[in-house]
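K.L.:
For reference, the structure I am asking about is given below.
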């Protein structure tokens, strides 16, 4: 198959523009071979689902099948553009190996069964466990890829109906730190900035964020600014030479695990040079003096040594941040999945608070999401938090939620922070969580230390329910498999990183007996006969729009207010940013424009946590800070990483992504162009390390840690010496092993360690110590790794 | 030995024992990963305090007592209070006991720092006061951590036993 031009040229052609000008429209269309737009029966409105960008698109339908996609030129997010995953990923919907019937395990094998039987197993076991142990036996692990309506319903059932505190989403792996950092600084989740800040910024700083590959359309927007008049200056913090690094004015390549050291040194420079908006700090923040005191211990010379970054580069980076007139910062996994995740991400917020650069065009922070609907997982309560950014440690918030749900406040678990995923896994390991229901995610590939994860999921005493569209590695370990409808086969809404809500309409029927996730949850609630305190059904809706109307009421008056939205309002035009209310019917482009934050003690979502120990701040301590309406500047000391390289394990291992794949390739591995673009796992090694070891591109390396080993072909790259990079996408569903290796390991998470950030509880994927050796006698001298883009050739 | 000397020597010992208690907890609960990693991190804080106190002592010619390295580990969990008969092999209850133990030890250390800080003020010993102001917040954070961890794991331990 000849490669499609958008594989080697993933960002498409440039449409240059200058500061303050509108980003020009560019309509991207991709249709099945031989079809033209005239052949399409219907275009059905939706948005992109294989990343967090929220690109508005229309799904092309012909003869009841999806045959392509077209970017929506009216949409505020993408102005018509689509990324490679959007252009080709839809083909996975029609894969012949979609799950079409429920499965149950009988005599050790998964066999087809009816919905009634499969749901009966789940409902009966739930009842048994409730009688024996109570709700603490039940755990729910969901995703960042269902729809808002589905999360809200799941949260209602789990929290309000069953009363379990064990609910989380795979957003925990992904952008739990984004939420945590926003809660620490602004006392509530909610993205301050807007993608449109790219149009106005004179300086764009990307912290551990390879935007070019993770949000490719938004990177296109940056590239168009860089190609236009008066382009912005770009700061990149990343140990790899990513496309972002190649476009950067200053590129810092810190040693993995040292982000807080780096940020503290940059903040100290801002203070030393008095690049501080004192009027803003005085009027709108608390905690400045403590920060000044804390970062005094972090001169650039010290950071240069610990981070192994030239002093001059640190000075230059600080100058970019300090002299910016309009600063946009973005943060992603290089911070979120690394050591001291929340502490580091919060320091980026602090840069903006010190500089008074929030809530104005070009002045914003984007604590990025990774998945299309991650924001909804967080706001609707499917990550364990209470819906509507309610504060679990504020009894009035719990009572308010109980009023909306018409149940007793005691029925809503709020005695401790919600149980995060890694603790859910621990309880399952100990045998106190005995039913785990996994929806739309694949922990058997995406969690750290896979040998342990497989051992936990495979336990006889655990009833594992997996709801998905394919027989993933995790589904292969399940006792009950529920076939779900995919994007394009059901209706619902979802919200991207910059709070833009899109409606995604049903375009085609799901295959076989597959059903929308919402219908599956509703069926479960009916099976359990969940009731409110008047004896009426707990879940008051029976379709997506009804769930959305229920959610609107739940969100009313909260930071993520949807009360001014409706399905009708979302049809036809652009996506709309929350908060959207009667007073702001067209949504809100930027939060905190008036320097007022959601931090009043009675209103805020969170009182914060100790950045190092993770201990929640008590309501009394929080009130003592007197943050009413002000942002909280939080300082943190640097702590060295828990696992450091030594003579035995001389490399630092980091894991990450390629533009051509999403998560564990459940969909992208089934889209031919994407699969061909990055067909197998590779390991990126610095040229200097390869030369020193006598390795060349294409060599087969074995990378090992105390947890396991992986074999991968060597790709020489611009990564910092001493660091190895493995993509985490590759598991076993398309190998002989099925759900586990049947030879050398392939999944990066065979190697990662079980450790997480104490504040956000996000696992750490980017600071493991590893060794590597060449597997003798296997030398292909061929290119390895993903297709090289035109600029890399 | 002056009373101040005694207070410094006592705290020096108590911080060593607190570090050892954190270390022992990390060892016992290595599969509870947050407990494992945080215990080791927080043990380092106490170790740092021990060094600081040794420095203060040597500046003041105060003799210090070395802690018996095994003492904290051997001390019965839940030291200082009688506990009902229990299965000592139950790792979940052991975790609650260990958290209770480090909380109590840290509370003692906190009060010791309080006494030293008061002494430093009345004796107008700026160096000592600065040391107290650096160290005491760490101790309070160690206590809050133990308290928070206990709160978060206790419900599951209690509901499933």
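Protein chains in written order, with the working numbering: chain A, 1 to 793; chain B, 794 to 954. All C-beta atoms in this analysis are idealised placements derived from N, C-alpha and C, irrespective of residue type, glycine included.
Enumerate in chain order the residues of its own chain whose CB-to-CB distance from residue 229(A) is below 6 angstroms, with the five nearest sequence positions on each side excluded.
P.N.:
18
K.L.:
Can you tell me whether residue 213(A) is buried or exposed? The criterion is at least 16 other CB atoms within 10 Å of its CB, across all chains shown.
P.N.:
buried
K.L.:
Mapping DSSP to helix, strand and coil, what is residue 97(A)?
P.N.:
coil
K.L.:
Between residue 161(A) and residue 382(A), how many whole angstroms is the CB-CB distance? I'm expecting something under 8 angstroms.
P.N.:
14 angstroms between Cβ atoms; not a contact.
K.L.:
Name the chain A residues that come within less than 8 angstroms of residue 938(B), Cβ to Cβ?
P.N.:
610, 613, 614 and 615, listed in chain order.
K.L.:
How far does the beta strand (DSSP E) with residue 70(A) in it reach, from first residue to last?
P.N.:
65-71
K.L.:
Are the stretch 804-814 of chain B and the stretch 684-698 of chain A touching by the rule of at least three beta carbon pairs closer than 8 angstroms?
P.N.:
no
K.L.:
Could you work out which residues of chain B lie near residue 136(A), taking near to mean beta carbons separated by less than 8 angstroms?
P.N.:
The answer, in chain order, is 948, 949, 952 and 953.
K.L.:
Rank 173(A), 476(A), 106(A) and 88(A) by C-alpha distance to the C-alpha of residue 31(A) and give the top, closest one.
P.N.:
88(A)
K.L.:
Using a Cβ cut-off of 8 angstroms (strictly closer), state whether residue 756(A) contacts chain B.
P.N.:
Cβ-Cβ to chain B under 8 angstroms: yes for residue 756(A).
K.L.:
Measure the alpha-carbon distance for residue 145(A) versus residue 502(A) and round it to whole angstroms.
P.N.:
Taking the straight line from one Cα to the other gives about 13 angstroms.
K.L.:
Establish whether the CB of residue 417(A) and some CB of chain B are separated by less than 8 angstroms.
P.N.:
yes
K.L.:
Any beta carbon of chain B sitting closer than 8 angstroms to that of residue 91(A)?
P.N.:
Not one chain B Cβ lies under 8 angstroms of residue 91(A).
K.L.:
Would residue 787(A) and residue 712(A) be called neighbours here (beta carbons separated by less than 8 angstroms)?
P.N.:
no
K.L.:
Identify which residue in 256(A), 589(A) and 551(A) has its Cα closest to the Cα of residue 494(A).
P.N.:
551(A)
K.L.:
Once the 5 residues before and after residue 868(B) are set aside, which same chain residues still bring their CB inside 7 angstroms of it?
P.N.:
Note that residue 868(B) scores a pLDDT of 48, beneath 50, so its modelled location is shaky; the value from the coordinates is reported in the next line. Here the set comprises nothing.
K.L.:
From the DSSP output, in three-state form, read off residue 251(A) for me.
P.N.:
Strand at residue 251(A).
K.L.:
Identify which residue in 378(A), 492(A), 629(A) and 103(A) has its Cα closest to the Cα of residue 568(A).
P.N.:
Ranking 378(A), 492(A), 629(A) and 103(A) by Cα distance to residue 568(A) puts 492(A) first.
K.L.:
Please report the straight-line C-alpha distance between residue 404(A) and residue 540(A), rounded to a whole angstrom.
P.N.:
Computed Cα separation, rounded: 11 angstroms.
K.L.:
On the premise that residue 830(B) lies in contact with residue 642(A), defined as a C-beta separation below 8 angstroms, what is that separation, rounded to the nearest angstrom?
P.N.:
5 angstroms
K.L.:
Could you name the residues of chain A that residue 826(B) contacts, counting a contact when the two beta carbons are closer than 8 angstroms?
P.N.:
422, 426, 754, 755 and 756
K.L.:
So, helix, strand or coil for residue 803(B), using DSSP?
P.N.:
In the structure shown, residue 803(B) sits in a helix (DSSP, three-state: H, G or I).
K.L.:
Here's the rule: buried if 16 or more other CB atoms are within 10 angstroms of the residue's CB, otherwise exposed. What is residue 415(A)?
P.N.:
exposed
K.L.:
Just to confirm the assignment: which complete beta strand (DSSP E) runs, minimum length 3, are found wholly within the stretch 93-153 of chain A?
P.N.:
103-106, 109-112 and 138-142
K.L.:
Taking 8 angstroms as the threshold, find out whether the stretch 310-324 of chain A comes into contact with the stretch 738-748 of chain A through three or more Cβ pairs.
P.N.:
no
K.L.:
Please list the residues of the stretch 432-445 of chain A that have a C-beta atom closer than 8 angstroms to any C-beta atom in chain B, keeping them in chain order.
P.N.:
432
K.L.:
With three or more beta-carbon pairs closer than 8 angstroms as the criterion, would you say the stretch 26-41 of chain A touches the stretch 345-361 of chain A?
P.N.:
no
K.L.:
For residue 85(A), does the three-state DSSP call read helix, strand or coil?
P.N.:
helix
K.L.:
From residue 175(A) to residue 72(A), what distance separates their C-alpha atoms?
P.N.:
27 angstroms
K.L.:
Give the list of continuous beta strand (DSSP E) stretches no shorter than 3 residues that lie fully inside the stretch 164-236 of chain A.
P.N.:
167-169 and 203-207
K.L.:
Tell me, which residues are paired with residue 29(A) by DSSP?
P.N.:
70(A)
K.L.:
For a contact meaning CB atoms closer than 7 angstroms, what does residue 642(A) contact in chain B?
P.N.:
830
K.L.:
Roughly how many angstroms lie between the CA atoms of residue 90(A) and residue 58(A), to the nearest whole one?
P.N.:
11 angstroms
K.L.:
Counting only beta-carbon separations shorter than 8 angstroms, does residue 459(A) have a partner in chain B?
P.N.:
No, residue 459(A) lies away from the interface with chain B (no Cβ there is under 8 angstroms from its Cβ).
K.L.:
With DSSP run on the structure shown, which of helix, strand or coil describes residue 865(B)?
P.N.:
Summary for residue 865(B): the model assigns pLDDT 48, below 50, so the residue's position carries little reliability; its value from the coordinates is reported in the next sentence. Reduced to three states, the DSSP call for residue 865(B) is helix.
K.L.:
Excluding the 5 residues flanking residue 294(A) on each side, which residues of the same chain have their C-beta closer than 8 angstroms to its C-beta?
P.N.:
Within the same chain, and ignoring the five residues on either side of residue 294(A) in sequence, the residues whose Cβ sits closer than 8 angstroms to its Cβ are 264, 635, 636 and 637.
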